[in-house]
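Counting in the numbering used here, the sequence shown runs from 29 upward without gaps.
Presented below is the structure to which this report refers.
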Amino acid sequence: EALQFDTTLAQIQYAEYLVQSIPYVYNDWLSDVPGMNYDIYVELDARVAQARYLYDTRNIIKNGDFTQGVMGWHVTGNADVQQIDGVSVLVLSNWSAGVSQNVHLQHNHGYVLRVIAKKEGP
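Following this line, the structure appears as structure tokens:
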């Protein structure tokens, strides 16, 4: 299977959220007994897990979502990862701080780099 090139981590995380929101996966009184939505839950959960695996495999930047802090990144200055609304966010305290990562690119291949950034303060 292949993942569409424009599939984002946010889309996969939203799909995971929707799957985890499916009601009646287990019986309310007997928690070990599958509920009426158990089969569809298991199938969709496996598909989301496969999408996450394919996303991680195709992403040549390791730990690009900073869920493992700055592991795999070269840090200069004061750079830290904070949890904001359940999302790992890289925080650079000033303009001299930064993170970088060496990646190996193949000749005659196309790549897409997505960055979401926000500046706060003066």
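For glycine and all other residues, C-beta sits at the position ideal for the given N, C-alpha and C.
As the structure is a prediction and not an experimental result, all values here were calculated from the model.
Between which two residues does the alpha helix (DSSP H) carrying residue i extend?
{"i": "Q41", "result": "37-48"}
{"i": "T85", "result": "66-86"}
Spatial neighbours of residue i within its chain, please: CB distance less than 8 Å, with the 5 preceding and 5 following residues excluded, ordered by chain position.
{"i": "I88", "result": "V131, H132, L133, Y139"}
In whole angstroms, what separates the C-alpha of residue i from that of residue j?
{"i": "V53", "j": "Q96", "result": "30 Å"}
{"i": "V76", "j": "I112", "result": "23 Å"}
{"i": "V103", "j": "L118", "result": "11 Å"}
{"i": "S124", "j": "N91", "result": "22 Å"}
{"i": "Y42", "j": "T35", "result": "12 Å"}
{"i": "Q78", "j": "A38", "result": "15 Å"}
{"i": "S49", "j": "G105", "result": "41 Å"}
{"i": "N122", "j": "L141", "result": "23 Å"}
Quick one: give me the first and last residue of the beta strand (DSSP E) that residue i is part of.
{"i": "V109", "result": "107-112"}
{"i": "T104", "result": "102-104"}
For residue i versus residue j, is the C-beta distance shorter than 7 Å?
{"i": "I40", "j": "Y81", "result": "no"}
{"i": "F94", "j": "S59", "result": "no"}
{"i": "V98", "j": "D73", "result": "no"}
{"i": "V143", "j": "W101", "result": "no"}
Secondary structure at residue i, three-state DSSP: helix, strand or coil?
{"i": "S128", "result": "strand"}
{"i": "L120", "result": "strand"}
Among the residues of its own chain, which have a CB less than 6 Å from the CB of residue i, if the five just before and after it don't count?
{"i": "Y66", "result": "V53"}
{"i": "L120", "result": "A107"}
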